[in-house]
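Novice: Residues 532 to 878 (the numbering used here) are what the sequence shown spells out, left to right.
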Amino acid sequence: MKQLIDKLYETSALTPAEYKELIEHRNPELSEYLFEKARAVRIKNYGHDVYIRGLIEFSNYCRNDCYYCGIRRSNHKAERYRLTKEQILECCLIGYDLGFRTFVLQGGEDGFFTDEKMVDIISSIKTDFPDCAITISFGEKSYESYKAFFDAGAERYLLRHETASADHYGRLHPKSLTLDKRKQCLYDLKEIGYQVGCGFMVGSPYQTIDCLVEDLLFIKELKPHMVGIGPFIPHHGTPFADKEAGTLELTLFLLGIIRLMLPSVLLPATTALGTIHPKGRELGILAGANVVMPNLSPKSARQKYLLYDNKICTGDEAAECRYCMEKRLESIGYKVVVARGDHKSFK
Ligand code: SAH
């Protein structure tokens, strides 16, 4: 099995059968070997730097009904909120003073935020913080809308593909949502010129190793600049309330594989990873991740932007999250840097 990791390290690719074999036969010793290689690649590309992104969860209204997500339309118990433009700019100001140079605007698919409103918000952030990058994570939109956000100054877009198996996609989403559409959005974003992030949940209901192999092959084909993966965690108000969470162990293994497949990819150690294990994000960094996304949302919002149960940091202020992260990373020999943290191909 170590030969497969050596091959992945040297060539950044395996055959589908080899990915399957590697994932199926993983064990603690093999994982450690993988993480060593993943760290070597990460250090060669980015040293011990960790890029921070300030996450602003600007709305939890959503027109969609994804079976896994706590802010799905049918969860009538979710207390809905949206931030005003002024509140969003206030988050950016607080974030800027804390050293953030990337702001990630994430929300449910909320029709209140028309293209016009989004363009106004994006250009206002760009005017006030010209040295910062703006990332949008606002779901599926038309080519024209994506283009309008881009022209207003958004340079990055996160849209997890969720699963690259069409059959699996159909088991996680209602019929109105399709894998083809999701993929089309990702290709549109790339064509427009965004730094694009795809990704998936690890251990989502009905996921098999074959699904994961399809995810890896899709990632290799898309060549995204960022890949967001984290464990699935059930939310009590969804159809998947009783499903099991994904594991730390498999998430870390996949982070290591993705680092070797795309050596210079921007790879976050996600909040979900920090939720299933107290040291999840540190372990993610040690498995090859190089990005963390501390929460910048106002306290009132973060207590309502609940995609899954037991989400961490919902009671903290932005500054607490920022310094807590710095300490955590220092404890494992890595450092938070004040930088936009673009993908290497965009510098
Ligand atoms: N509406 C935006 C943002 C979605 S929330 C969009 O469609 O892209 C961001 C990510 O959270 C989702 O892409 C999904 O992968 C993840 N997520 C949602 N529910 C989750 C759960 N129960 N456990 C873990 N991750 C979840």
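We treat Cβ as the ideally placed atom computed from N, Cα and C, and that holds for glycine.
(1) Are the Cβ atoms of leucine 535 and glutamate 552 separated by less than 8 Å?
(2) Got a sec: does the ligand SAH put a non-hydrogen atom nearer than 7 Å to the Cβ of proline 755?
(3) For a minimum of 4 consecutive residues, which ranges assigned as the alpha helix (DSSP H) are wholly contained in the stretch 685-713?
(4) Counting only runs of 3+ residues fully inside the stretch 756-822, write out the beta strand (DSSP E) ranges in chain order.
(5) Report back the beta-carbon spacing between asparagine 821 and valine 581 to the nearest angstrom; my notes put them in contact at under 8 Å.
(6) Out of curiosity, what's the CA-to-CA distance linking arginine 611 and tyrosine 839?
(7) Whether or not the stretch 594-614 and the stretch 807-821 are in contact is what I'm after, with contact meaning three or more pairs of Cβ atoms, one per stretch, closer than 8 Å; do they touch?
(8) Could you tell me if histidine 556 is buried or exposed, where buried requires 16 or more neighbouring beta carbons within 10 angstroms of its beta carbon?
(9) Taking 7 Å as the cut-off, is the CB of methionine 732 close to at least one heavy atom of the ligand SAH?
(10) My understanding is that cysteine 622 touches leucine 798, with C-beta atoms under 8 Å, so please give their C-beta distance in whole angstroms.
(11) Thinking just about the alpha-carbon of each residue, which of Ser673, Glu541, Asn558 and Ala544 is nearest to the one in methionine 532?
(12) Pick from Glu861, Leu689, Leu783 and Asp741: whose alpha carbon is nearest that of histidine 579?
(13) Would you check whether the ligand SAH has a heavy atom nearer than 7 Å to the C-beta of serine 605?
(14) I think methionine 856 touches valine 867, with their Cβ atoms under 8 Å apart; what is that distance to the nearest whole Å?
(15) Three-state secondary structure (DSSP) at arginine 584?
(16) Checking 8 Å against the spacing of the C-beta atoms, do arginine 871 and arginine 573 come in under that value?
(17) Check whether the stretch 705-713 touches the stretch 755-774, counting contact only when three or more Cβ pairs, one atom from each stretch, lie closer than 8 Å.
(18) Buried or exposed: which applies to glutamate 693, given that a residue is buried once 16 or more other Cβ atoms fall within 10 Å of its Cβ?
(19) When you compare only the Cα positions, how much space is there between aspartate 641 and arginine 604?
(20) Take phenylalanine 589 as the anchor and find which of Lys616, Tyr564, Ala609 and Lys575 has the nearest alpha-carbon.
(21) What whole-angstrom Cβ distance do tyrosine 599 and phenylalanine 763 have, given they're in contact under 8 Å?
Specialist: If we stick to the structure as given:
(1) yes
(2) no
(3) 697-703
(4) 757-762
(5) 6 Å
(6) 15 Å
(7) no
(8) exposed
(9) yes
(10) The Cβ separation is near 24 Å, so there is no contact.
(11) Asn558
(12) Glu861
(13) no
(14) 7 Å
(15) coil
(16) no
(17) no
(18) buried
(19) 10 Å
(20) Lys616
(21) 6 Å
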